[in-house]
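Here is the structure we will look at, set down as structure tokens.
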Amino acid sequence: MRHSPLIVIQSRYNSKRLYGKALYPICGLPLISFLIKRLKYNLPADYIIVLATTENKEDDILVEWANHEKINVFRGHENDVLKRYIDCLNLFSSKTIVRVTGDNPLTCPKIIEWLISKKIDNKLDYIFCENLPYGVGVDIFHSDTLIQLDKKTDLKDEREHINLHILRNLQNFKTAFPKAEDRLDRPDLRMTVDTIDDWININRLFFNDKAISYNISLIEAIKIMDIINN
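Every number in the numbering used here is 20 more than the matching position in the sequence shown, counting from 1.
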């Protein structure tokens with residue numbers, strides 16, 4: 021029986037480094053909307069996309085936005101992110117969990133599909149592509165692995181950063197860290213939105229052709245970013 025992959029997008033309005041960045045405009049759309057549209061319209065229709073935010077009052081605005089846009093939304097613990105994932109998994113059952121961070125508007129749908137295929141074919145607990153531009157990659161877990169992590173670790177940092185226990189104990193998990201094709205091998209490029217400068221740089225991608233918008237390929241984004249940086 022096929023289980024639809026569950027795409028969990030972590031997002032908070034109360035970002036310490038760039039407050040409210042989840043709703044900062046990217047090519048005329050709120051950042052979180054840009055990201056969700058990019059995933060929704062470039063991934064198979066059966067993929068389940070969930071915005072996972074916190075129970076804090078500051079995140080009411082994200083929940084209101086998600087409800088208005090008819091986006092699945094889940095609220096959970098702010099710092100115990102692992103618990104947030106487990107609780108979310110209890111509502112949206114799946115065997116394949118994709119962790120996406122809400123400040124990465126150029127997250128690559130093709131990389132997601134490629135990694136999911138490798139995860140399923142090789143019966144992996146965890147998979148991550150190492151050599152991509154910063155801010156376009158994802159972590160993919162088997163649901164049983166997250167459940168196992170929830171039982172195994174009480175360490176604050178391992179519950180906040182849900183892949184950390186795996187990375188510290190690779191011998192206990194079946195993992196893979198494949199490299200993307202050469203054209204995407206650009207860990208020197210920054211494509212996340214963590215500061216005001218990041219936000220400005222991401223928007224510069226679309227100044228010449230706004231029609232590209234959320235469908236821009238990662239290869240094209242890299243080409244334009246290189247032109248901008250030079």
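Ideal Cβ placement from N, Cα and C applies to all residues, glycine included.
Would you report the Cα separation of residue i and residue j, rounded to the nearest angstrom?
| i | j | result |
| --- | --- | --- |
| Pro-50 | Lys-243 | 24 Å |
| Pro-207 | Val-156 | 10 Å |
| Ala-65 | His-185 | 32 Å |
| Asp-214 | Ile-56 | 18 Å |
| Ile-52 | Asp-123 | 8 Å |
| Tyr-105 | Leu-144 | 18 Å |
| Leu-59 | Glu-133 | 11 Å |
| Ser-31 | Gln-191 | 31 Å |
| Lys-90 | Leu-109 | 19 Å |
| Lys-139 | Asp-205 | 20 Å |
| Phe-112 | Ala-241 | 32 Å |
| Cys-47 | Asp-79 | 23 Å |
| Lys-194 | Leu-26 | 20 Å |
| Glu-180 | Leu-102 | 6 Å |
| Glu-75 | Asn-87 | 15 Å |
| Val-28 | Ile-247 | 32 Å |
| Ile-81 | Tyr-33 | 8 Å |
| Ile-136 | Thr-116 | 8 Å |
| Ala-196 | Arg-188 | 14 Å |
| Val-118 | Phe-54 | 18 Å |
| Thr-73 | Met-245 | 30 Å |
| Asp-170 | Val-70 | 20 Å |
| Arg-224 | Leu-43 | 17 Å |
| Lys-77 | Glu-84 | 11 Å |
| Thr-131 | Ser-237 | A small correction: the amino acid at residue 131 is Ile; Thr does not occupy that position in the sequence shown. Their backbone Cα atoms lie some 11 Å apart in a straight line. |
Tell me the residue span of the beta strand (DSSP E) that contains residue i.
| i | result |
| --- | --- |
| Arg-32 | Element bounds for Arg-32: n/a, residue is neither H nor E. |
| Phe-197 | Looking at the DSSP string, Phe-197 is not in any beta strand (DSSP E), and its letter there is neither H nor E. |
| Val-93 | 92-96 |
In the DSSP assignment, the alpha helix (DSSP H) including residue i goes from what residue to what residue?
| i | result |
| --- | --- |
| Ala-241 | 238-249 |
| Thr-165 | 163-172 |
| Asn-223 | 216-224 |
| Asn-187 | Asn is not the amino acid found at residue 187; the sequence shown has Leu there. That run of the alpha helix (DSSP H) goes 184-188. |
| Glu-201 | First-last for Glu-201: undefined, no H or E at that position. |
| Asp-177 | 176-180 |
Taking all protein chains shown into account, decide if residue i is buried (16 or more other Cβ within 10 angstroms of its Cβ) or exposed.
| i | result |
| --- | --- |
| Met-21 | With a pLDDT of 48 at Met-21, under the threshold of 50, the modelled position of that residue is not reliable, and no figure is offered here. |
| Pro-125 | buried |
| His-162 | buried |
| Phe-227 | exposed |
| Pro-45 | exposed |
| Ser-114 | buried |
| Lys-41 | buried |
| Tyr-39 | exposed |
| Tyr-146 | buried |
| Tyr-234 | buried |
| Tyr-61 | exposed |
| Glu-218 | Note on identity: in this sequence residue 218 is Asp, with Glu being the wrong assignment. The residue is buried, with at least 16 neighbouring Cβ atoms inside 10 Å. |
| Ile-222 | buried |
| Asp-164 | exposed |
| Ile-239 | exposed |
| His-23 | exposed |
| Asp-159 | buried |
Length-filtered (3 minimum) beta strand (DSSP E) runs lying within the stretch 107-159: 116-121, 146-148
Quick test of the definition: if touching needs 3 or more C-beta pairs under 8 Å, does the stretch 137-155 touch the stretch 194-208? yes
At least three beta-carbon pairs within less than 8 Å, the stretch 163-175 to the stretch 81-97: no
4 or more residues per run - each alpha helix (DSSP H) lying fully within the stretch 39-91: 51-60, 80-88
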